[in-house]
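**Student:** Here you go, one structure.
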């Protein structure tokens, strides 16, 4: 580090000025741990001054509690310090004084000082200087309305009222009351000047920390603060950059302080720090970093600095004062000083070097054929299907410290990433060939440039080890700078540019037994037979359901299964094994809420032309004479996404402001393909889709979109995406939102075949399974009131509510000792 000093304002400090209480001061401090080296800068040594009128001295200024040092700015050898709560009496016989504020300017490296009070005039009240508080905020710009030379030239110590050439002011702001509340927002409490959009002209940033807007309930007004950006189009012509930046925390005072930072991320645009001194979870204070771009400031912060002092009787006010745009440690990047007024502290934040990095990920081939097994597994005798995987990484940056060496990256590659929500989410379908693990962690040392590439191989596990063959195999690369890398000479580590895309994804598909187009068109049929036609009350009533499942389509049915919903009267006993011609299935029993079901695996895939016979055994011990039949619900089905749906989802609420499709609810997606297997052409065919849009009078499905491929002409008697929600890109499908089953009467050629495509809905129940009827609650309240009345009546009759006389009767009271009588 090289030696440097900072100026620190102390607006409540006492000074040597005669009869001045807490006038405030400015300290010059070398940046070190020893704060005793600070010295007072004597901007003003005088006490309150007076007019001599009619042989009487009339006090015309009031410097006690003026908060001198609340604003301190420096630019080169020029320093400005202000007292915004300085009071000035306009006339000697005026009954009151105005908080005009005043400032002191030094242009020769703190050797001489001149006073500059632009609001101190002969006029008072709102039309004049009023409660002007000049010096609440200030900054130096390249284009000044009043230059420092003009201010120094106009200064005469014995004159209170000075005229400065070139001094101008903005128009007074009008009050606006609509969706926002502008009056009393303290517009101008903080200002900063810097070239944000890199056009060579300084722009203005203005804070309004008391800005108010309606809260989320639409009733209360919340003080959130706001910051306005004005881009300078030509000298002294400023245009607002919309929209302004708004605070997100009530009473956080967003915009109380502003500091130009220079170009933190080395992208060519200057950045800004905005103080929110009462923000944060514990109101300890926040400082938010906003990056510049060609149109102003980005609307979201890229970094948030939090105060390190817990709030007490007086808030720490971290971020009450900010200063930046100076490279104090000479590492090529500007630093930031943050003041915490309530904690009486100042903190230095040093900017870390920025690394720009990018990565690529390649999978070859993207279609994995499980039949092409070309490699022998090292720990077994089986062969496997192998795929090549490669990734490349490149990096560069400005002012990277030479002593740090080349940047070191940690690269992690995950196979079959679990975001796809496959059924066996714990089973990875692909593994790295060398390690037989689903992830790879590499440490890569980069040259300043690159790229550096890495090649490896992955393989597909045996078909019996996983079930899901339809969903994509997602491969994810995530890279970051090595957190264990050594520090540079300044004790800093580089950091990735916040705009870096550090997660890269690719995907591969498993080649299906579905022809060259890899699209399966199964045609599943089911026939069910019972071994008895009658059951009897009081008997266990064992029965067997024998079924025939067939796939008559052109492709395999993946994850084909038989789904059986058990009636309340029946219990599942097992697989029928008394006939050698019956297929021995694998079935699983599930119970969720009030629904009991049985799921039997029919093949993965259930190949085209498959016809299997199997039997399921049940008992029916709980018959009632209220029903004449016992009804089993059987479905043969293949994969749909999702395979079942819980509704409502956990922690999901219908949004009042629907903008994107996910605001509506969970997604249901079904894919259909129309095929004409000949032998002749068809002049016209119709696909009709019916969806249950309502259930018991309530909205159930929101029809979102239909995406088609081929010569199809679709129409609907319902408006698709009526709310114009933003939708995501998808493959060919018919897409709805919400829980439902879909019945598809499909007019195929030559016959009409009805296919039921279902997504079972499992209804989530609240924490309390049993809702108490309202009439029971009312009856319980009335019974409780009646019982309370009865108890009160009985106590009354027993004399419970009669007040006892502390000293008995008047005769007894007269016999008391004097002391006891007086006490009575």
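Residue numbers (full-length UniProt numbering): 1 to 824.
Using N, Cα and C, we set each Cβ at its ideal position, and we do this for glycine too.
Everything numeric in this text was worked out from a predicted model, so none of it was measured.
Under 7 Å between the Cβ atoms of residue 116 and residue 103?
**Tutor:** Position 116 of the chain shown holds residue 116. Position 103 of the chain shown holds residue 103. In contact: residue 116 and residue 103 (Cβ atoms closer than 7 Å).
**Student:** Assuming residue 659 and residue 725 are in contact, meaning their beta carbons sit under 8 Å apart, how far apart are those beta carbons, in whole angstroms?
**Tutor:** Sequence index remark: in the chain shown, residue 659 carries index 659 (1-based). Sequence index remark: in the chain shown, residue 725 carries index 725 (1-based). Confirmed, Cβ separation roughly 7 Å.
**Student:** So who's on the other strand from residue 274, going by DSSP bridges?
**Tutor:** Working through the chain shown from its first residue, we reach residue 274 at position 274. According to DSSP, which records beta bridges pairwise, residue 274 is partnered with 258 and 288.
**Student:** So residue 452 packs on residue 392, CB below 8 Å; how close in whole Å?
**Tutor:** Working through the chain shown from its first residue, we reach residue 452 at position 452. Working through the chain shown from its first residue, we reach residue 392 at position 392. Right, their Cβ atoms sit about 7 Å apart.
**Student:** Using the C-alpha atoms, what's the distance from residue 686 back to residue 745?
**Tutor:** Mapped onto the chain shown, residue 745 falls at position 745. Mapped onto the chain shown, residue 686 falls at position 686. Residue confidence for residue 745 is low, a pLDDT of 26 falling below 50, so the modelled location carries little weight; the figure read from the coordinates is stated next. Distance between the alpha carbons of residue 745 and residue 686 is about 10 Å.
**Student:** If you compare alpha carbons, which of 396, 584 and 433 is closest to residue 835?
**Tutor:** Within the shown structure, residues of the chain are numbered from 1 to 824, placing residue 835 beyond reach of any answer.
**Student:** Span of the alpha helix (DSSP H) holding residue 779?
**Tutor:** In the chain shown, the residue the question calls residue 779 occupies position 779. Where residue 779 is concerned, the enclosing alpha helix (DSSP H) stretches over 774-797.
**Student:** Could you check the C-alpha separation between residue 286 and residue 328 for me, to the nearest Å?
**Tutor:** Reading the chain shown from its first residue, position 286 is the one you call residue 286. Reading the chain shown from its first residue, position 328 is the one you call residue 328. For residue 286 and residue 328, the distance between alpha carbons rounds to 22 Å.
**Student:** Classify residue 540 as helix, strand or coil using the three-state DSSP reduction.
**Tutor:** Counting from 1 along the chain shown, the entry for residue 540 is found at position 540. Here residue 540 sits in coil by DSSP.
**Student:** Figure out for me which residue from 514, 479, 395 and 337 has the closest Cα to the Cα of residue 410.
**Tutor:** Position 410 of the chain shown, counted from the start, is the residue given in the question as residue 410. For residue 410, the nearest C-alpha among the options comes from 479.
**Student:** May I have the straight-line CA-CA distance separating residue 3 from residue 334, to the nearest angstrom?
**Tutor:** Locating residue 3 in the chain shown gives position 3, counting from the first residue. Locating residue 334 in the chain shown gives position 334, counting from the first residue. Approximately 16 Å between the Cα atoms of the pair.
**Student:** I need the DSSP call for residue 521, collapsed to helix, strand or coil.
**Tutor:** Here the question's residue 521 lines up with position 521 in the chain shown. The answer is coil: DSSP assigns residue 521 none of H, G, I, E or B.
**Student:** Can you give me the C-alpha to C-alpha distance between residue 195 and residue 202, rounded to a whole angstrom?
**Tutor:** As a working note, residue 195 is residue 195 in the chain shown. As a working note, residue 202 is residue 202 in the chain shown. So the alpha carbons of these two residues sit roughly 4 Å apart.
**Student:** Who are the Cβ neighbours of residue 549 in its own chain at under 6 Å, not counting the five residues just before and after it?
**Tutor:** In the chain shown, the residue the question calls residue 549 occupies position 549. The answer, listed in chain order, is 526, 602, 612 and 636.
**Student:** For residue 566, which residues in the same chain have their Cβ closer than 8 Å to its Cβ, ignoring the five residues on either side in sequence?
**Tutor:** The count along the chain shown starts at 1 and reaches residue 566 at position 566. Result list for residue 566: 572, 596, 597, 598, 618 and 632, in chain order.
**Student:** Quick one: residues in its chain with C-beta nearer than 7 Å to the C-beta of residue 190, no 5 flanking neighbours on either side, listed in chain order?
**Tutor:** On the chain shown, position 190 is the one that residue 190 refers to. Cβ neighbours of residue 190 within its own chain (closer than 7 Å, five residues either side excluded): 137, 207, 255, 256, 257 and 258.
**Student:** Excluding the 5 residues preceding and the 5 following residue 544 in the sequence, name in chain order all residues of the same chain whose CB lies nearer than 6 Å to its CB.
**Tutor:** Working through the chain shown from its first residue, we reach residue 544 at position 544. Only 531, 576, 615 and 617 meet the Cβ criterion.
**Student:** Taking all protein chains shown into account, decide if residue 17 is buried (16 or more other Cβ within 10 angstroms of its Cβ) or exposed.
**Tutor:** Taking the first residue of the chain shown as position 1, residue 17 is located at position 17. Counting Cβ neighbours within 10 Å, residue 17 comes out buried, since at least 16 surround it.
**Student:** Output the distance between the C-alpha atoms of residue 79 and residue 147, rounded to the nearest integer angstrom.
**Tutor:** Position 79 of the chain shown, counted from the start, is the residue given in the question as residue 79. Position 147 of the chain shown, counted from the start, is the residue given in the question as residue 147. About 13 Å.
**Student:** Starting from residue 102, trace the beta strand (DSSP E) in both directions and tell me its first and last residue.
**Tutor:** The sequence position of residue 102 within the chain shown is 102, counting from 1. Residues 102-106.
**Student:** With DSSP collapsed to three states, give me the class of residue 194.
**Tutor:** To locate residue 194, count along the chain shown from 1; it is residue 194. Note: residue 194 maps to strand in three-state DSSP.
**Student:** Just the Cα atoms here: how many angstroms apart are residue 271 and residue 336?
**Tutor:** Along the chain shown, read from residue 1 onward, the residue named residue 271 stands at position 271. Along the chain shown, read from residue 1 onward, the residue named residue 336 stands at position 336. Spanning the two alpha carbons is a distance of roughly 11 Å.
**Student:** What would DSSP say about residue 302, mapped onto helix, strand or coil?
**Tutor:** Reading the chain shown from its first residue, position 302 is the one you call residue 302. Reduced to three states, the DSSP call for residue 302 is coil.
**Student:** How is the beta strand (DSSP E) around residue 149 delimited, first residue to last?
**Tutor:** As a working note, residue 149 is residue 149 in the chain shown. Per DSSP, residue 149 belongs to no beta strand (DSSP E); it is in the alpha helix (DSSP H), 148-153.
**Student:** Measure the C-alpha to C-alpha separation of residue 510 and residue 384 and round it to an integer number of angstroms.
**Tutor:** The count along the chain shown starts at 1 and reaches residue 510 at position 510. The count along the chain shown starts at 1 and reaches residue 384 at position 384. So the two alpha carbons sit approximately 13 Å from each other.
**Student:** Could you tell me which whole beta strand (DSSP E) segments of length 3 or greater appear in the region 214-253?
**Tutor:** Correct list: 221-223, 226-234 and 237-246.
**Student:** Label residue 199 either buried or exposed according to how many other C-beta atoms from any shown protein chain fall within 10 Å of its C-beta, with 16 as the threshold for buried.
**Tutor:** For the purposes of this step, residue 199 is identified with residue 199 of the chain shown, where counting begins at 1. Exposed, by the Cβ-count rule.
**Student:** Taking all protein chains shown into account, decide if residue 273 is buried (16 or more other Cβ within 10 angstroms of its Cβ) or exposed.
**Tutor:** The residue you call residue 273 lines up with position 273 of the chain shown. Answer is buried; the Cβ neighbour count reaches 16.
**Student:** Can you tell me the Cα-Cα spacing of residue 755 and residue 561, whole angstroms?
**Tutor:** The residue you call residue 755 lines up with position 755 of the chain shown. The residue you call residue 561 lines up with position 561 of the chain shown. Because the pLDDT at residue 755 is just 44, under 50, the model does not fix this residue reliably, and the value given afterwards should be weighed accordingly. So the two alpha carbons sit approximately 15 Å from each other.
**Student:** Just reading off the beta strand (DSSP E) that residue 485 is part of, what are its end residues?
**Tutor:** Within the chain shown, residue 485 is the residue found at index 485, counting from 1. If you look at residue 485, you'll find it isn't in any beta strand (DSSP E); DSSP assigns it neither H nor E.
**Student:** Quick check: the Cα distance between residue 776 and residue 783, rounded to an integer number of angstroms?
**Tutor:** What you label residue 776 is simply residue 776 of the chain shown in a count that begins at 1. What you label residue 783 is simply residue 783 of the chain shown in a count that begins at 1. So the alpha carbons of these two residues sit roughly 10 Å apart.
**Student:** Buried or exposed, going by whether 16 or more other CB atoms sit within 10 Å of the CB of residue 520?
**Tutor:** Locating residue 520 in the chain shown gives position 520, counting from the first residue. Answer is buried; the Cβ neighbour count reaches 16.
**Student:** What are the boundary residues of the beta strand (DSSP E) that residue 507 is part of?
**Tutor:** Here residue 507 is taken as the residue at index 507 of the chain shown, counted from 1. For residue 507, the uninterrupted beta strand (DSSP E) segment begins and ends at 503-510.
**Student:** With 16 other CB atoms within 10 Å as the buried threshold, where does residue 580 fall?
**Tutor:** Mapped onto the chain shown, residue 580 falls at position 580. Answer is exposed; the Cβ neighbour count stays below 16.
**Student:** Go ahead and pull the three-state DSSP assignment for residue 61.
**Tutor:** Indexing the chain shown from 1 puts residue 61 at position 61. Strand, per DSSP.
**Student:** Roughly how many whole angstroms lie between the Cα atoms of residue 60 and residue 90?
**Tutor:** Counted from its first residue, the chain shown places residue 60 at position 60. Counted from its first residue, the chain shown places residue 90 at position 90. Approximately 7 Å, taken between the alpha carbons.
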